[in-house]
Every structure is written in structure tokens, then in C-alpha cells.
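Engineer: Mind the numbering: the sequence shown is residues 20 to 125 in the numbering used here, read in order.
Every residue, glycine too, gets a C-beta built ideally from N, C-alpha and C.
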Amino acid sequence: MHWFTLIVSGIMEVGCIISLKYAEGFTKFPPLITYTLFGFLSAFLFSTSLKFIPLGMAFLIWVGIATIGIILFESLLLNKHYSLFDFLFMLLIVIGITGLKLFQTK
Numbered sequence: 020m021h022w023f024t025l026i027v028s029g030i031m032e033v034g035c036i037i038s039l040k041y042a043e044g045f046t047k048f049p050p051l052i053t054y055t056l057f058g059f060l061s062a063f064l065f066s067t068s069l070k071f072i073p074l075g076m077a078f079l080i081w082v083g084i085a086t087i088g089i090i091l092f093e094s095l096l097l098n099k100h101y102s103l104f105d106f107l108f109m110l111l112i113v114i115g116i117t118g119l120k121l122f123q124t125k
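Listed below in C-alpha cells is the structure:
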């Protein structure tokens with residue numbers, strides 16, 4: 020359950036950063052509200068997962084999920100083009116996160 024909480028926290032961080040993009044320097048009110056909501060949820064869930072997952076490991080996974088989520092958002096919805104090498108190295112991040120989870124020591 021704590022890994023699920025960490026993953027959801029990373030997804031909430033994606034929503035937070037995307038909202039920040041649309042807040043246009045905190046001049047647009049609706050994105051500011053979603054930024055605050057997603058940011059609070061992300062921080063709350065992240066801190067909850069820290070009860071069970073070491074800080075360094077949790078932060079690495081959280082940042083990886085957020086980074087890949089933001090890049091996928093840009094690629095799929097904003098028509099930002101990434102090269103094959105960009106996606107290859109993102110795949111390495113996913114493989115690294117998966118490996119950390121699968122082979123963690125207790």
C-alpha cells in the first residue's frame with residue numbers, strides 16, 4: 020500500500036506542475052487552485068509513504084514518476100516532440116525504478 024501511495028503522490032506532482040504551467044506566473048486563479056490542491060495531496064501522500072520507504076529511495080521514485088508524467092503530458096497533449104533517444108533514456112528511468120522496487124533489501 021505504501022508503494023501505491025508513493026506512485027499516486029508522483030502522479031499528483033504531475034498535476035501540480037502542469038497546473039503551475041497554466042497559472043502563468045500565478046495570474047490565473049483556477050490553475051492556482053488546482054496547483055495548491057495537487058501540491059498538498061502530493062506532499063501529504065509523499066510524507067505518508069516516508070513512514071515505510073527510505074527517503075532517498077522514495078524521492079528518487081517520486082521524481083522519476085513526476086518527470087516521466089510531465090514529459091508524456093507534453094508529448095501527448097502539447098505536441099512537444101522528443102527524439103527516440105529521449106524516450107530510450109526515459110525507459111531507463113522506468114527500468115531503474117522497477118529494479119529498485121523489485122530488488123530492494125528489507
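Check whether the region 56-65 and the region 107-125 touch, using three or more Cβ-Cβ pairs below 8 Å as the test.
Structural biologist: no
Engineer: Looking at the structure shown, is H21 part of a helix, part of a strand, or coil, going by DSSP?
Structural biologist: helix
Engineer: In three-state DSSP terms, what is S66?
Structural biologist: helix
Engineer: Locate the alpha helix (DSSP H) running through E93, then write down its first and last residues.
Structural biologist: L74 to L96
Engineer: Counting C-beta neighbours from all protein chains within 10 Å, is the total for Y54 16 or more, i.e. buried, or is it exposed?
Structural biologist: buried
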